[in-house]
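Chemist: Numbering (the numbering used here), first residue to last: 482 to 949.
I have a structure I would like to understand better, so I am pasting it below and will then ask my questions one at a time.
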Ligand SMILES: NC(=O)C1=CN([C@@H]2O[C@H](COP(=O)(O)OP(=O)(O)OC[C@H]3O[C@@H](n4cnc5c(N)ncnc54)[C@H](O)[C@@H]3O)[C@@H](O)[C@H]2O)C=CC1
Ligand SMILES: O=C(O)CCC(=O)C(=O)O
């Protein structure tokens, strides 16, 4: 990788102890970005012309490098954005598996032979890469999300520029170093660190960048979509969620409680697939609530590097403040606070207690706005129809779970629930890399990432007609 001198850097800090600097990151200028885009553009034709199995071998080598660096990268991730070390290790291992999956894509079919009306002709489809792909990623999955965008982009013959979240850039740099150690040709894999409003925006606007894949907030996603559409670039947006869990009277309550805690509060609730609305049938509402509150009380909060910690801090000061404001707003709107609701005053970092509300008006903020923090809202309902209607009453449609042993209720839920990820007797979070991932309604641009679905975004279909 060519070393570039930049005028400025910014600090990335540890949210568990904000005075600790995890690293300094280049705050690239637009001129530096221009060089990176040109380099990616120049590298494209050579990379695209390599046989796909050979591109796959590069991805296998990157997977080997990431595996070697797993411990260091996971520790950096925990220090930089706060999730527990166990989660960070799991995520890094997932990154290795994603790379291997897409390495295999280099050996799978990319088209179909389609019967032509002309008996002297051969008609088939093939696929070609898009060119330079810009990947704009958030801080909540600093390894998995960049890799599930970069790996398929590369496998199908694109070159890539990663613009990571400012708050997770030290980890991102270490991930990209694995690609460089795997000796990808110059310019094929690039990183552009800097501010979203400057470098991110310039990447989206650049005429050489053929496609943008984004995960993050709805506000930024929509802006990116508009800009990309305007100049004819392809785009893919993965945004928010307000994911419901339904617990019916036939559910195994212990399983439902454990999954609600895990889905809602792991990673401190900072997943787009996190559970935030817990919709419980009245017959079991009180029993479920009691078990849930007991489990919430048992949660240990602290630095994610400590083995005893179950829940770490919020990832950034902005997120910490946003979640405290959301809790305050919920209280003012009349919801009843059952647990938590405060910052953890005994700790210096961005720690907030796991928080549970009930008596939440479904038209109000706690039920409608994405909080992205350790906050659950309980709702009491009297039938499965009411539960599904409530669950669907959201601008989002990313993930949804039901806990029940009633087969008819499972089927009704899988049919009627408006979400891209439907889970039965399993928590709302947790995505398998070989399956399509994406949301309905405002949660996404209706595209899907990961698994074989990734080929739809990262390639263009060509229909070829050959007359003998
Ligand atoms: N769907 C998800 O997984 C995520 C959702 N969020 C939601 O977004 C809220 C705010 O989090 P943020 O970090 O501020 O998300 P964000 O959407 O501002 O940032 C995501 C990425 O977009 C970049 N970016 C920001 N402005 C840009 C622009 N104008 N053009 C191009 N790129 C730009 C950022 O630098 C970062 O790399 C959270 O509270 C949460 O509700 C945040 C992170 C992940
Ligand atoms: O639930 C998961 O594993 C993935 C969540 C995700 O993609 C996100 O929060 O952005």
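Glycine included, each C-beta is placed from N, C-alpha and C at the ideal position.
Computed from a prediction, not measured in an experiment: that's the story for all the values here.
Could you give the distance in angstroms between the alpha-carbon of residue 732 and the alpha-carbon of residue 584?
Modeler: If I take the Cα positions, the gap works out to 40 angstroms.
Chemist: Should residue 577 and residue 603 be called a contact, given that it needs their Cβ atoms to be closer than 8 angstroms?
Modeler: Not a contact, by the Cβ cut-off of 8 angstroms.
Chemist: What do you reckon, is the C-beta of residue 704 under 7 angstroms from a heavy atom of ligand 1?
Modeler: Yes, the beta carbon of residue 704 sits closer than 7 angstroms to at least one heavy atom of ligand 1.
Chemist: Going straight from the alpha carbon of residue 848 to that of residue 859, what length do you get?
Modeler: Cα to Cα, residue 848 sits roughly 9 angstroms from residue 859.
Chemist: Contact between the stretch 696-711 and the stretch 733-752: three or more CB pairs below 8 angstroms?
Modeler: No, the stretch 696-711 is not in contact with the stretch 733-752.
Chemist: Just the C-alpha distance for residue 685 and residue 805, rounded to the nearest angstrom, thanks.
Modeler: Between residue 685 and residue 805, the C-alpha separation is close to 32 angstroms.
Chemist: Take residue 597 and list the residues in its own chain whose beta-carbon comes closer than 8 angstroms to its own, dropping the five residues that flank it on each side.
Modeler: So the qualifying residues of the chain are 603, 604 and 946.
Chemist: Just how far apart, CA to CA, sit residue 672 and residue 694?
Modeler: Between residue 672 and residue 694, the C-alpha separation is close to 14 angstroms.
Chemist: Whole angstroms is fine: what's the gap from residue 551's alpha carbon to residue 543's?
Modeler: Straight-line Cα distance between these residues: approximately 12 angstroms.
Chemist: To the nearest angstrom, how far is the alpha carbon of residue 536 from that of residue 612?
Modeler: Rounded to the nearest angstrom, the two C-alpha atoms are 15 angstroms apart.
Chemist: Threshold first: 3 residues or longer. Then list the beta strand (DSSP E) segments lying entirely within the stretch 695-765, N to C.
Modeler: With a minimum length of 3 residues, the continuous beta strand (DSSP E) runs that stay inside the stretch 695-765 are 715-719, 724-728 and 756-762.
Chemist: Excluding sequence positions up to five away, which residues of its chain have a Cβ less than 8 angstroms from the Cβ of residue 897?
Modeler: So the list reads 869 and 873, once near-sequence residues are dropped.
Chemist: Mind checking whether the beta-carbon of residue 752 lies closer than 7 angstroms to any heavy atom of ligand 2?
Modeler: For ligand 2, at least one heavy atom lies less than 7 angstroms from the Cβ of residue 752.
Chemist: For the beta strand (DSSP E) containing residue 617, list its first residue and its last residue.
Modeler: Taken as a continuous stretch (DSSP letters only), the beta strand (DSSP E) holding residue 617 covers 613-617.
Chemist: For residue 950, which of 670, 501, 633 and 617 has the nearest alpha-carbon?
Modeler: Outside the displayed span of the chain (482 to 949) sits residue 950, for which this structure offers no information.
Chemist: Which of the three DSSP states, helix, strand or coil, is assigned to residue 873?
Modeler: If DSSP states are grouped into helix, strand and coil, residue 873 belongs with the helices.
Chemist: Taking a contact to mean a Cβ-Cβ separation below 8 angstroms, would you say residue 931 touches residue 916 in this structure?
Modeler: Yes; because the gap between Cβ atoms is below 8 angstroms, this pair is in contact.
Chemist: Determine the contact status of residue 563 and residue 796, defining contact as a CB-CB distance below 8 angstroms.
Modeler: Contact flag set, yes.
Chemist: Spatial neighbours of residue 759 within its chain, please: CB distance less than 6 angstroms, with the 5 preceding and 5 following residues excluded, ordered by chain position.
Modeler: 726, 741, 857 and 859, listed in sequence order.
Chemist: Counting only runs of 4+ residues fully inside the stretch 496-536, write out the alpha helix (DSSP H) ranges in chain order.
Modeler: Qualifying alpha helix (DSSP H) stretches, in chain order: 511-530.
Chemist: Using the beta-carbon count (16 or more within 10 Å), is residue 594 buried or exposed?
Modeler: Burial call: exposed.
Chemist: Residue 514 and residue 674 look like a contact to me (Cβ under 8 angstroms); what is the Cβ gap, rounded to whole Å?
Modeler: Rounded, the Cβ-Cβ distance is 10 angstroms, inconsistent with contact.
Chemist: DSSP three-state call for residue 606: helix, strand or coil?
Modeler: Three-state result, residue 606: strand.
Chemist: Compute the Euclidean distance between the alpha carbons of residue 772 and residue 882, then round it to the nearest angstrom.
Modeler: If you take the alpha carbons of residue 772 and residue 882, they lie about 19 angstroms apart.
Chemist: Can you pull the DSSP bridge partners for residue 830?
Modeler: DSSP lists no partner for residue 830.
Chemist: Helix, strand or coil: how does DSSP classify residue 592 here?
Modeler: Coil.
Chemist: Assign residue 789 to one of two classes, buried (16 or more other C-beta atoms within 10 Å of its C-beta) or exposed (fewer than that).
Modeler: Result: exposed.
Chemist: Let me make sure I understand the geometry here. Which of 691, 766 and 618 has the alpha-carbon closest to that of residue 719?
Modeler: If we check each option's Cα against that of residue 719, 618 comes out closest.
Chemist: Under the criterion of a Cβ to heavy atom distance below 7 angstroms, does residue 719 qualify as lining ligand 1?
Modeler: Flag set: Cβ of residue 719 near ligand 1.
Chemist: Which residues in the same chain as residue 489 place their Cβ atom closer than 6 angstroms to its Cβ, once the five residues preceding and following it in sequence are excluded?
Modeler: Hits under 6 angstroms: 508.
Chemist: How is residue 907 classed by DSSP in three states: helix, strand or coil?
Modeler: Correct three-state label for residue 907: coil.
Chemist: Secondary structure at residue 913, three-state DSSP: helix, strand or coil?
Modeler: In this structure, residue 913 counts as coil in the three-state DSSP scheme.
Chemist: Residue 485 to residue 707, Cα distance in whole Å?
Modeler: Confidence is the limiting factor: at residue 485 the pLDDT is only 47, short of 50, which leaves the residue's position unreliable and the question unanswerable from this model.
Chemist: Just the C-alpha distance for residue 483 and residue 778, rounded to the nearest angstrom, thanks.
Modeler: Legend: pLDDT at residue 483 = 37, less than 50; position of this residue unreliable, value from coordinates given subsequently. Taking the straight line from one Cα to the other gives about 51 angstroms.
Chemist: Less than 8 angstroms separating the beta-carbons of residue 651 and residue 568?
Modeler: No, they are not a contact pair.
Chemist: Measure from the alpha carbon of residue 667 to the alpha carbon of each residue in 923, 828 and 518, then state which is nearest.
Modeler: With distances taken between Cα atoms, residue 667 lies closest to 518.
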